[in-house]
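Protein chains in written order, with my numbering: chain A, 2 to 507; chain B, 951 to 1355.
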C-alpha cells in the first residue's frame, strides 16, 4: 500500500532563473485541461503558483497543487527545491485551439512555458494509475468537494487507480500492516472507520476517507465524510462522518476509500462498511471509541457527544414532516400492528366487521406467520384487500399511500376497544400517507429500515407509549445519552405525521 | 317455553364423563322430557375418515375437532368451521346454548352470531378457563398458591414463556366474545364473582346449579341419621394434584390417632394410584392401616347408594372448585359434607347446615374437623338440616326464564 509512483517525464524545459519544468501528462478532456509534472526552483524563493494562460488571459484554475517527488534526484545539490505538481484548468472552448502557456509565478518572478498543442503522455486515468497514491487520494478528496472537478468522475479518471487499491473486509485483523480495520455505515448517510496500528501512533498521523457511490451512467459519486475531528487513541484512530444532506436517505452502503497518512508514508485501502441501522451504528461507534480511548472514558464520551450533536444538527431537519389536512373521505388503510400473538388474530376476527366498515384496505405489519394469520381473517371474509408487508422505501418511492390515511391499530388497543365498545374511535387518529418519505428518513436517522417496526414505533408513540422511545438497553451514561438522542428525533417528528381534519366546504 | 334450543357442548357424556358435558346432556334430556324441542351438538374425537358431522342419536350430533388449533379455542380448518356454522345456523331453533368455548371455538361462536342475528345466545361458564390459562384453576403453576384475581403480569409469572401482553390479549379476546352473549349462566355465585371481577359485565347473568338429572332426582334421600356412621368418611373422585386426597389421607391419619374407630373409604381410585400421585402419603396410609379402604372406580349410577353407606363425604380440594357435582350428589343423597373453606365448596356447603368447613390444605385443621364431625350429636344435627340439590321443576323454571328473556 506504499507505491513509489515514479513517472518518466515526456517533456522538459528550463524557464531560466533556476526554474526547470517537466511535464509528465497533458490532456485536454472536454473543457478541462489536466497537467501533471514536476518543477524545480531556487531554495531562496517561495513556492511558485501555477496557472494556465491563453493569449495573455489566465484561465480559471480548478486545482493547483504541489506535492513531494522523492524520485527527482540532485535538486538539493544545486540549492533547488523539486516538487511534483498537478494543475487542472477550465478550458474555454472558444480558445481551445489557441496556444496555451503554463505560467509559473514565484515571488515577483513570473515565467511562462508554451504548452504543446497536442496531448502529451498517458491518459488521465493511466497517469493517476501510475501516480503516488497520496497524490491521487488528495485529488479524489478534492474531486468530492469541488463541482469543477466532477468531470474526472464522469470521465472515469479514477477507475484504474481505484481498482488497484486493496479492498479489505469491513472488520478484519492484520491487514496490510494494520492490526485491525473496522468500517460501519448507517442508512442515515453516516460512516465510521477505525484503524488500529500495531504500535503507538506517530505524531501527525491522519485518517481520512472518501465515500464512493454509484453515479449515473456507470460513473461514480464522491463524498468526503464530514464530521468532528477523528478520535485519537494510543494506537487507534476513529473517524466518523456524514455524507452531505443532499444525498437521498436512506443511503445505500457506499465503498470507502481510506487514507491513513503518516509521516514518511501511509496506507490506503478500500472497504465496504458493515451496514447497521442507526441505533446499532451508534452503539458500535461507542465500542470503537471506547477501544480508541483505552480507558480514558471522558475523552471518548466527549467525542461521542460531539458526534451526536453533529448528527442532531445535520439530520433532524430531514426527518420532520409538515402536518397536512386530510379530507374526511380520504381512503383509510387500517394498519394492524403488534400482532405477534395467537390471540391477535382472534381479536381481529372479533373486530373484523367494524374494521371493514372504516377501511378500504388492511395492512398487517409484523412477523410473517403472525401477519399472515391476521390477514387471513380478511381474506376469508373477502370484503377488503389485506396485505402483509410494508416495504417502506418502495412505498415512499412509489407513493403507494400518498393519497390515503393510515390508521395504526395496536391489537391490544383493539382488544380494549372491543371490550369497551369503542372500536370506531380507533379510526379518529390518522397518519398522512403522503408523509411516508419523511417516515423513511426518520427510520434511517433514528430507527431501523423495517417498515413494520417503524410504523409500529410511530403508532406506539402517537398512542403515548413510552416503550416506543426505547432503543434497546440504555447501558451507562452513553447508553442513556444515545437513547435520549434517538428519542428526540421521534418525539420532535411525531406530531408532523398526524393528519389534521380538513374543514368541510361551507 | 316456546322456542327450540340447540345445545352446543365441548363433549358428549357417552365419550367422557366430565361435569360440563354431563350438565349439557342433562339439560338436553330434561328439556326434551319437558316437551321442549332441543338438539344437542357436541365435539367428539370421531376418528380419521369419519364425516365431519355425525348423527349420534335422535337430535344428537357429533362434530370432529381435528381441524381445531392446538388449544382448541379456534378453527384452523376454515372449511370445517364454516360447515359447522352452516349446520348450526340451519337448525330450526331460536336459542343457542353453549357449554364451554373450549373445543367449540371463539371464531365459530362469532360467525354463528353473524349468521343468526335473530337467535338468542346463552353460555354456561362451568369453569374459569377464560380467566386462567392454568386449566382455569386459578392456582399458581408452581406451588399450590391460590390466585384470587386476573393480572397479566402474574399470569406471565405462571407461564414465563409467555408475555403479560399475551394474557391481556387473551383476556380481551375471551371478554369480547363473552360480552356478545345475551345471557351467561354460572353454576355458582363464586364463579360469577370471579367473572365479574375479571370484567364480564353486560349480558344477563344467572346463577343456576347444574341439574343432576331425573334419575338421581328421583332417588330416595336419607331422612334419618344412622349414628353408627358418624365416624365414617368417604372421598369420591380421582387422585389429581388439586383434589386434596393427600391432605385427606394425612388429616385422617392424624384424626385416627386421636380417635380410634374412624374409617375412610376412597371411591374412584386404588391405593397404588394414590401412592403414585402422592408418594409422601405412604407412611400415613401405613399408619392408618385397615381404617382406610380403597374401592376403585364406581358406576356413576350408584353414587347416591354409595354415599348413603358413609357418614360424611369429604371434599378436600386445594383449588377453588367451581360447583363440584360431588357436593350436589352428597346433598341429594342426604349425606353431610366436610369441605375446604374456599370457592364453590364453601358456597355450596353451608357450615353447620350442610356440613363442616376446614382450612384449605391444612392437615391439622382437617383432623380437628373430622374429630368434630365424628361426634354423634353434630352428625345427627347436620343430617337433619342438610339441603337438597336443585330439583327438576326449579331448574326448568330458572333455565326457561334465561333462555326466553
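Glycine included, C-beta positions come from ideal geometry on N, C-alpha and C.
Per-residue burial, residue i [other beta carbons within 10 Å of its own, 16 or more giving buried]
| i | result |
| --- | --- |
| residue 468 of chain A | exposed |
| residue 967 of chain B | exposed |
| residue 1193 of chain B | buried |
| residue 79 of chain A | exposed |
| residue 111 of chain A | exposed |
| residue 429 of chain A | exposed |
| residue 505 of chain A | Because residue 505 of chain A sits at a pLDDT of 42, beneath the cut-off of 50, its placement in the model cannot be relied upon, and the following sentence gives the value as read from the coordinates. It counts as exposed. |
| residue 1343 of chain B | exposed |
| residue 1188 of chain B | exposed |
| residue 1304 of chain B | buried |
| residue 131 of chain A | buried |
| residue 1200 of chain B | buried |
| residue 491 of chain A | buried |
| residue 18 of chain A | exposed |
| residue 1248 of chain B | exposed |
| residue 1335 of chain B | exposed |
| residue 970 of chain B | buried |
Supposed close pair residue i, residue j - CB separation, criterion 8 angstroms
| i | j | result |
| --- | --- | --- |
| residue 1108 of chain B | residue 1043 of chain B | Not a contact, Cβ separation roughly 39 angstroms. |
| residue 459 of chain A | residue 498 of chain A | 6 angstroms |
| residue 210 of chain A | residue 226 of chain A | 5 angstroms |
| residue 1049 of chain B | residue 1085 of chain B | With a Cβ gap of about 17 angstroms, residue 1049 of chain B and residue 1085 of chain B do not count as contacting. |
| residue 1212 of chain B | residue 1240 of chain B | Contact doesn't hold; Cβ gap of about 12 angstroms is too wide. |
| residue 1279 of chain B | residue 1161 of chain B | Not quite, the Cβ-Cβ distance comes to about 12 angstroms (not below 8 angstroms), so this is no contact. |
| residue 1153 of chain B | residue 1121 of chain B | Actually they are not in contact, since the Cβ atoms of residue 1153 of chain B and residue 1121 of chain B sit about 16 angstroms apart, beyond 8 angstroms. |
| residue 1088 of chain B | residue 1096 of chain B | 7 angstroms |
| residue 1204 of chain B | residue 1314 of chain B | 7 angstroms |
| residue 441 of chain A | residue 393 of chain A | 5 angstroms |
| residue 333 of chain A | residue 410 of chain A | Not really, about 11 angstroms apart at Cβ, beyond 8 angstroms. |
| residue 90 of chain A | residue 62 of chain A | 5 angstroms |
Bridge partner(s) assigned by DSSP for residue i
| i | result |
| --- | --- |
| residue 15 of chain A | A:21 |
| residue 1018 of chain B | B:1025 |
| residue 1339 of chain B | Per DSSP, none; premise fails for residue 1339 of chain B. |
| residue 1307 of chain B | B:1289 |
| residue 243 of chain A | A:191 and A:227 |
| residue 182 of chain A | A:173 and A:196 |
| residue 1046 of chain B | B:956 and B:1071 |
| residue 115 of chain A | A:102 |
| residue 996 of chain B | Residue 996 of chain B is not bridged to any residue. |
| residue 1006 of chain B | In the DSSP output, where bridge partners are listed per residue, residue 1006 of chain B has none listed. |
| residue 433 of chain A | A:406 |
Nearest neighbour of residue i, chosen from the options [CA to CA]
| i | options | result |
| --- | --- | --- |
| residue 58 of chain A | A:99, A:19 and A:285 | A:99 |
| residue 416 of chain A | B:1024, B:1127 and B:983 | B:1127 |
| residue 228 of chain A | A:343, A:367, A:156 and A:192 | A:192 |
| residue 278 of chain A | A:443, A:304, A:345 and A:419 | A:443 |
| residue 489 of chain A | A:478, A:453, A:477 and A:448 | A:448 |
| residue 357 of chain A | A:341, A:220, A:376 and A:342 | A:376 |
| residue 1290 of chain B | B:1191, B:1329, B:1271 and B:973 | B:1271 |
| residue 486 of chain A | A:275, A:316, A:103 and A:247 | A:316 |
| residue 187 of chain A | A:138, A:206 and A:242 | A:242 |
| residue 1028 of chain B | B:1018, B:1022 and B:1338 | B:1018 |
| residue 220 of chain A | A:159, A:177 and A:234 | A:159 |
| residue 991 of chain B | B:965, B:961 and B:970 | B:961 |
| residue 1269 of chain B | B:1052, B:1198, B:1191 and B:1014 | B:1191 |
| residue 1064 of chain B | A:305, A:218, A:353 and A:280 | A:353 |
| residue 391 of chain A | A:323, A:402, A:378 and A:383 | A:402 |
| residue 1037 of chain B | B:1165, B:1055, B:1013 and B:1223 | B:1013 |
| residue 25 of chain A | A:189, A:326 and A:40 | A:40 |
| residue 177 of chain A | A:194, A:473, A:199 and A:48 | A:199 |
Output needed in chain order: residues of the stretch 375-402 of chain A with a Cβ under 8 angstroms from some Cβ in chain B.
Using a CB distance below 8 angstroms, the part of the stretch 375-402 of chain A facing chain B consists of 381, ordered along the chain.
Would you list, in chain order, the members of the stretch 1161-1186 of chain B that have their beta-carbon closer than 8 angstroms to a beta-carbon of chain A?
none
With 9 angstroms as the C-beta to C-beta threshold (strictly closer), list the residues of the stretch 454-488 of chain A near chain B in chain order.
none
What are the residues in the stretch 329-361 of chain A lying within 9 angstroms of chain B by C-beta distance?
339, 342, 343, 344, 345, 346, 347, 348, 350, 351, 352, 353 and 354
Taking any Cβ of chain B, which residues in the stretch 158-183 of chain A have a Cβ under 7 angstroms from it, in chain order?
none
Which residues, taken in chain order from the stretch 1117-1128 of chain B, show a beta carbon closer than 8 angstroms to some beta carbon of chain D?
As a matter of chain content, chain D is missing from the structure shown, whose protein chains are A and B.
Can you list, in chain order, the residues of the stretch 1128-1149 of chain B whose Cβ is nearer than 8 angstroms to any Cβ on chain A?
1129 and 1149
Below 8 angstroms between beta carbons is the criterion; list the residues of the stretch 1057-1091 of chain B that meet it against any residue of chain A, in chain order.
Here the close residues are 1057, 1060 and 1064.
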